[in-house]
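Numbering (our numbering), first residue to last: 2 to 130. Before any comments, here is the structure.
Right, dumping it as structure tokens:
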């Protein structure tokens with residue numbers, strides 16, 4: 002009660018007892034860097050062939066975003082409401098995942114636009130950045 006603020010400056014660069022508070026962007030960058038380091042550490046335990054598939058994938062037929070492959074698993078688009086599906090390398094160009102109790106396999110087709118040709122006939126193409 003009755004304590005006075007010992008601040009100088011504006012909200013943008015507030016000084017409290019002679020210490021400059023970093024702008025909020027720095028905090029976000031630090032969190033982003035920590036997340037990137039955590040994902041890279043996880044990638045060390047994932048087959049390099051699967052790490053190369055990282056990115057956003059859409060169906061070739063209608064352009065529906067399926068989700069992202071990151072950290073060795075499919076992170077499904079929110080439209081689907083599925084849990085993450087870990088990917089396994091089962092052959093030189095063959096991956097598989099389990100979804101809703103069924104195992105699905107895909108052939109990895111490397112080209113200017115990488116594709117996953119799934120055992121149910123669906124084809125996913127990686128979105129260009």
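Glycine included, C-beta positions come from ideal geometry on N, C-alpha and C. All figures in this text were calculated on a predicted structure; none of them were measured in a lab.
Closest residue to residue i among the options (Cα-Cα distance)
i           : options           : result
residue 80  : 116, 60, 68, 87   : 68
residue 102 : 127, 84, 108      : 84
residue 88  : 127, 50, 121      : 50
residue 121 : 46, 108, 113, 128 : 108
residue 66  : 77, 73, 72        : 77
residue 73  : 90, 64, 62, 59    : 90
residue 71  : 114, 99, 57, 123  : 57
residue 99  : 61, 75, 116, 113  : 75
First through last residue of the alpha helix (DSSP H) which encompasses residue i
i           : result
residue 114 : Where residue 114 is concerned, there is no enclosing alpha helix (DSSP H), given that its DSSP letter is neither H nor E.
residue 52  : 49–52
DSSP three-state assignment for residue i, whether helix, strand or coil
i           : result
residue 108 : strand
residue 128 : coil
residue 65  : coil
residue 80  : coil
Through-space distance from residue j to residue i, alpha-carbon basis
i           : j           : result
residue 48  : residue 97  : 13 Å
residue 93  : residue 82  : 30 Å
residue 118 : residue 46  : 24 Å
residue 53  : residue 110 : 12 Å
residue 104 : residue 86  : 10 Å
The beta strand (DSSP E) enclosing residue i, as first and last residue numbers
i          : result
residue 95 : 95–100
Closer than 7 Å: residue i CB and nearest the ligand GDP heavy atom
i          : result
residue 62 : The ligand GDP is not part of the structure shown, which contains no ligands of any sort.
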